[in-house]
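Number of protein chains: 2
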Amino acid sequence: MATDQAESEQRSDPYERLEDRITRITNVGHAAGILRWDQEVVMPEEGTPARAQQLSALSSISHELLTADETGELLEELESETLPEERQAVVREVRRQYDRETSVPRELIEEISETTANAHPTWKQAKEEDDFEHFAPTLEKLIELKREYANHIDPDADPYAVLFADYEPYLDLETAERVLERLRDELVPLIDAVQNSDVDLATDTFAGEFDDDDQEALARDVLDALGYDWGRGRLDTAPHPFSSGTQFDARVTTRFEEDDLLGSLTSTIHEFGHANYTLGLSDEGYGTPLGDSRDLTVHESQSRLWENHVGRSRPFWEQFLPTVRDRVSELEGATPEDAYEAANQVYDDNLIRVEADELTYHLHIVIRFEIERDLLSGDLEVDDVPEVWNDKYEEYLGVRPETDAEGCLQDIHWSHGSFGYFPTYSLGSVLAAQLYAAAEDDLGNLDDDIRAGDFDDLNGWLRENVHRHGKRYTTPELIERATGEEFTADYFLDYVSEKYGDLYELEGY
Amino acid sequence: MATDQAESEQRSDPYERLEDRITRITNVGHAAGILRWDQEVVMPEEGTPARAQQLSALSSISHELLTADETGELLEELESETLPEERQAVVREVRRQYDRETSVPRELIEEISETTANAHPTWKQAKEEDDFEHFAPTLEKLIELKREYANHIDPDADPYAVLFADYEPYLDLETAERVLERLRDELVPLIDAVQNSDVDLATDTFAGEFDDDDQEALARDVLDALGYDWGRGRLDTAPHPFSSGTQFDARVTTRFEEDDLLGSLTSTIHEFGHANYTLGLSDEGYGTPLGDSRDLTVHESQSRLWENHVGRSRPFWEQFLPTVRDRVSELEGATPEDAYEAANQVYDDNLIRVEADELTYHLHIVIRFEIERDLLSGDLEVDDVPEVWNDKYEEYLGVRPETDAEGCLQDIHWSHGSFGYFPTYSLGSVLAAQLYAAAEDDLGNLDDDIRAGDFDDLNGWLRENVHRHGKRYTTPELIERATGEEFTADYFLDYVSEKYGDLYELEGY
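Order-wise, the sequence lines are chains U and W. For the first sequence, the working numbering gives the first residue as 33, with consecutive numbering after it. For the second sequence, the working numbering gives the first residue as 33, with consecutive numbering after it.
Below, the structure written as structure tokens:
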């Protein structure tokens with residue numbers, strides 16, 4: 033049972049007092065997570081006004097518990113002591129949160145919260161009506177507020193670097209920038225080579241119309257195949273698939289579109305990767321940073337590792353295609369190679385990030401990153417976003433959006449006030465490749481395991497080297513301990529060069 | 033958005049400050065309600081350890097917010113002012129809660145909480161093994177703790193009266209006692225007359241085996257027929273059916289047993305009654321006692337009114353049976369009269385409260401009430417419970433349990449430390465009859481409406497006279513305003529005398 037605050041204050045050990053406090057905050061946060069899952073998955077449509085109040089109350093309570101003077105005093109006391117390494121890690125993580133939350137005035141947080149609440153419908157309407165000007169003043173206001181927010185946290189730092197650290201606190205922005213530049217420099221010619229290739233991959237393997245029941249049965253099949261622990265999880269549908277929860281209860285959602293069976297399967301595998309990370313956190317650490325997942329880069333590395341390195345691999349389709357064929361007659365004649373090709377096709381005219389393949393995806397991210405960075409620094413005016421966006425698409429991807437709805441209005445993130453989030457998608461893919469290479473270095477080539485549907489070794493390696501540590505190590509430390517190297521894009525670039533060089537029979541790759 | 037505590041403290045109006053505080057507590061409570069719904073309905077089985085911590089954290093936070101010095105100071109300040117009637121009601125309700133929670137030491141609450149957590153498996157095992165002695169020491173300990181709890185709240189009062197007030201604060205124990213004695217005195221001869229009647233009612237109308245899909249379709253049909261608002265609700269299954277939520281989102285659960293279609297329908301109607309009350313609370317009152325339901329007597333009056341006065345009425349089956357016949361072929365030849373008789377059959381050998389009919393039910397309650405009262409006063413020793421229980425069953429119901437599993441171990445409530453809860457079941461039935469009579473007094477006989485499936489007038493009357501008031505009036509005030517009379521068992525006894533006199537062709541009824 034969580035300790036009562038009054039009782040906790042009588043406990044003399046400052047570490048235990050900090051732990052009690054942070055455990056309570058964590059429990060309130062997980063309660064809010066259940067409320068959000070409920071809202072997306074099962075809540076009746078008219079439940080919103082009450083749910084908004086409930087979430088707001090929990091958020092205020094967490095904030096007050098974290099920023100109370102008592103937290104600061106305990107941190108100072110503990111920082112002057114020599115603590116065991118695990119406790120040091122807890123103090124480090126709480127300190128970081130405490131400093132960020134205490135430095136930003138509550139009124140500003142509330143102004144951002146209200147502005148984003150209104151920004152969402154404004155963005156939606158602008159997108160529906162292809163009217164960037166309708167969204168522009170809101171975007172401008174959000175940038176201004178987030179700049180102010182960053183300035184409170186660190187007036188001497190680049191505001192965009194401060195915002196990026198909300199999503200990835202330990203890989204600094206220079207690292208992200210270096211990696212993204214390298215992706216841009218190396219992927220642009222690779223994509224160009226792919227687009228000039230004479231090879232035609234099978235593209236209609238998954239063509240057909242599939243009802244929800246079949247798609248759900250297959251989504252459950254794929255989770256079974258990967259070893260999802262149903263005693264600590266469940267599968268539901270949501271308009272925007274996500275996964276959430278704790279090491280005791282980590283749930284997956286997916287969505288079914290009649291004509292996109294492959295999309296629902298890859299999305300399910302992606303969310304499995306997130307949930308599987310959460311399920312690998314230590315039970316004993318529950319309630320403190322030691323039992324909480326590292327940030328977005330590491331989380332996304334887990335979803336991408338399963339989605340791409342497993343779920344878009346040749347041996348995976350050798351293993352899983354028979355199950356699909358048994359479920360749906362439309363795929364009767366398909367071969368694993370057909371499925372593999374369809375899952376790895378590179379598009380030459382795709383404007384939409386969420387529909388992108390493994391290669392072009394990162395150029396979608398690079399474009400958003402460059403635009404966000406320049407918006408925050410003031411080098412780019414909001415009014416110029418559509419043109420710059422379209423120019424960059426033409427330059428990097430060879431396609432020019434005809435509308436802003438298909439261009440700079442396509443993503444929801446800016447309406448949430450999220451600037452600095454996008455890069456973590458690419459960093460996650462890059463880390464996935466590095467971790468997968470390290471796992472194969474330790475375990476040997478994993479193709480036979482995947483072909484046999486045996487994920488124990490791979491998952492055991494991830495549990496041992498990534499999941500169980502929670503936030504004990506910073507992201508760079510975690511990466512170095514798991515892979516023996518600093519964070520690097522080498523493995524990702526090797527992986528895509530080899531895979532797509534082979535698929536498209538490219539010379540020099 | 034809920035107001036921040038720090039911000040609230042800057043607000044000068046003490047009523048607004050109290051309202052902010054109580055709204056926050058209410059939101060935390062509703063968040064906990066969602067977590068409990070989730071636990072019963074959708075949570076994966078291994079989620080329990082984290083869920084227990086989350087609920088415990090929310091409970092501690094509510095307790096601390098309520099019992100903070102600030103709450104007491106605001107109450108004192110507001111009690112010295114002349115407030116509008118609605119605000120007075122809020123202050124009255126918060127004061128009552130505040131006094132009760134501040135008077136019981138937190139350690140005792142925690143001891144009760146730990147003891148009941150362990151009592152549940154002990155009771156379960158004792159019931160499974162028909163071994164009262166295994167449960168006796170725990171029961172003894174719980175009685176002792178609850179006596180101590182009552183003593184903290186009011187050392188001068190009868191402990192059982194104090195405990196009863198946790199479930200029904202405004203109808204005092206003497207009222208409950210008077211009503212229960214009257215039920216005992218009048219129902220024993222009525223049941224006797226029924227058992228001596230030569231009339232054989234149709235009992236096998238709903239006999240058959242019905243799969244979950246058919247039962248669920250029918251449960252949805254019955255909710256449709258009653259006018260359940262699906263935009264603010266949902267139907268799921270749970271091992272122990274319940275309903276929970278707010279005026280924005282009040283959910284129903286039910287359960288399906290293959291051979292008990294009638295049971296799932298009546299249970300669904302019962303839970304509809306609870307949810308329908310919640311949905312009738314005022315939106316503006318959300319967050320304060322004005323938007324919260326009155327206590328167990330009034331809540332149970334709503335479930336019983338729909339379950340019994342509507343769902344076990346002749347016109348209801350004239351209206352609804354065709355739907356059942358369309359869904360399940362087993363009922364093809366059944367008439368509404370057959371269904372009405374089956375739904376109102378009085379058992380002459382039933383030992384189990386939850387399987388009882390509308391008449392014998394209250395003797396099950398009377399027995400528990402008399403035993404609880406004597407246990408709390410010390411007039412009855414725990415060791416003597418089985419014998420006294422069995423004697424009373426023989427005396428009031430003419431049946432003697434052969435095992436304690438079917439006797440004093442059958443109900444879960446004592447293992448929860450709930451003493452004083454049972455009477456509210458009977459008080460709810462009694463109030464249901466009084467309200468239904470008052471509604472018919474205002475609206476005219478409702479049989480034609482029910483036969484036509486038109487519940488607008490009845491529900492409108494309940495909304496107007498009961499639901500919308502929330503906790504604005506105390507229970508006796510609410511009853512008197514709605515019915516023009518004090519709380520009385522007259523209407524219930526008239527209702528059952530007429531109904532069962534007619535069904536069983538009893539002389540003198």
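Think of the CB as a built atom: it goes at the ideal place given N, C-alpha and C, for glycine as much as any other residue. Keep in mind that this is a model prediction, so the values were computed, not measured.
Query                                                                                                                                                                                     : Result
Output the distance between the C-alpha atoms of D291 of chain W and P354 of chain W, rounded to the nearest integer angstrom.                                                            : 20 Å
Label V549 of chain W either buried or exposed according to how many other C-beta atoms from any shown protein chain fall within 10 Å of its C-beta, with 16 as the threshold for buried. : In the structure as shown, chain W begins at 33 and stops at 541. Residue 549 of chain W is therefore absent and cannot be evaluated.
Please report the straight-line C-alpha distance between A34 of chain U and V498 of chain U, rounded to a whole angstrom.                                                                 : Confidence in A34 of chain U is poor, its pLDDT being 42 and thus under 50, which makes the residue's placement too unreliable to answer from.
Can you pull out the residues from the stretch 193-209 of chain W whose beta carbon lies closer than 9 Å to at least one beta carbon of chain B?                                          : In the structure shown, chain B cannot be found, because the protein chains are U and W.
Find out if the Cβ-Cβ distance for the pair G5 of chain U, L203 of chain U is shorter than 7 Å.                                                                                           : This structure gives no information on residue 5 of chain U, because the portion of chain U shown stretches from 33 to 541.
Applying the criterion that 16 or more other CB atoms from any shown protein chain within 10 Å of the CB defines a buried residue, is G410 of chain W buried or exposed?                  : exposed
Measure from the C-beta of L140 of chain W to each C-beta in chain U and report whether the shortest distance is under 7 Å.                                                               : no
Any Cβ of chain U within less than 7 Å of the Cβ of R495 of chain W?                                                                                                                      : no
In chain order, which beta strand (DSSP E) runs of at least 3 residues are fully inside the stretch 255-315 of chain W?                                                                   : 267-269, 275-278, 281-286
Is the stretch 136-148 of chain W close to the stretch 170-178 of chain W, with three or more CB pairs under 8 Å?                                                                         : yes
If you measure from the beta carbon of Q86 of chain W to each beta carbon in chain U, is any gap under 7 Å?                                                                               : yes
Following the continuous alpha helix (DSSP H) through W338 of chain U, name the residue where it begins and the one where it ends.                                                        : Looking at the DSSP string, W338 of chain U is not in any alpha helix (DSSP H), and its letter there is neither H nor E.
Please determine, among W:C440, W:Y372, W:Q442, the residue with the shortest C-alpha to C-alpha distance to R483 of chain W.                                                             : W:Y372
With a threshold of 16 other CB atoms inside 10 Å of the CB of S361 of chain W, please say whether the residue is buried or exposed.                                                      : exposed
How big is the Cα-Cα spacing for S276 of chain W and K531 of chain U?                                                                                                                     : 53 Å
Taking its Cβ as the centre, do 16 or more other Cβ atoms sit within 10 Å of D52 of chain U, making it buried, or is it exposed?                                                          : buried
In terms of residues, what are the limits of the alpha helix (DSSP H) holding F242 of chain U?                                                                                            : First-last for F242 of chain U: undefined, no H or E at that position.
Starting from the Cα of R432 of chain W, find the closest Cα among W:A158, W:N491, W:D381, W:L407 and give me that residue.                                                               : W:D381
Would you mind reading off the limits of the alpha helix (DSSP H) that contains H62 of chain W?                                                                                           : 46-73
Nearest CA to the CA of D281 of chain U: which residue from W:A168, W:H184, W:E77?                                                                                                        : W:E77
According to the Cβ coordinates, are A63 of chain W and L97 of chain U closer than 7 Å?                                                                                                   : no
Please report whether the beta-carbon of D52 of chain W lies at a distance below 7 Å from any beta-carbon of chain U.                                                                     : no
So with CB distances below 8 Å, who are the chain W contacts of A375 of chain U?                                                                                                          : Going along chain W, no residue has its Cβ under 8 Å from A375 of chain U, so there is no contact; the nearest lies around 30 Å.
Rounded to whole angstroms, what is the Cα-Cα separation between I444 of chain W and W155 of chain W?                                                                                     : 8 Å
Ignoring anything shorter than 3 residues or poking outside the stretch 423-488 of chain W, list the beta strand (DSSP E) runs there in chain order.                                      : none
Would you call the stretch 466-479 of chain W in contact with the stretch 392-411 of chain W, where contact means no fewer than 3 C-beta pairs closer than 8 Å?                           : no
Could you list which residues in chain U have their beta carbon closer than 8 Å to that of Y318 of chain W, in chain order?                                                               : P81, A82, Q85
Counting only C-beta atoms, is A307 of chain U closer than 7 Å to chain W at any point?                                                                                                   : no
Would you say A63 of chain W lies against chain U (beta-carbon separation less than 7 Å)?                                                                                                 : yes
Give me the chain W residues within the contact set of R405 of chain U, using Cβ-Cβ distance strictly less than 7 Å, ordered along the chain.                                             : Those do not exist, as R405 of chain U stays about 32 Å from chain W at its closest Cβ, beyond 7 Å.
Within a Cβ cutoff of 6 Å, which residues of the same chain sit near Y523 of chain W, ignoring the five residues on either side of it in sequence?                                        : A465, Q466, A469
For R344 of chain U, does the count of other Cβ atoms within 10 angstroms reach 16, so buried, or fall short, so exposed?                                                                 : buried
Taking only three categories from DSSP, how would you classify V528 of chain W?                                                                                                           : helix
Would Q279 of chain U pass as a contact of L328 of chain U if the rule is Cβ separation under 7 Å?                                                                                        : no
Taking the C-alpha atoms as reference points, what is the distance between G492 of chain W and A514 of chain W?                                                                           : 13 Å
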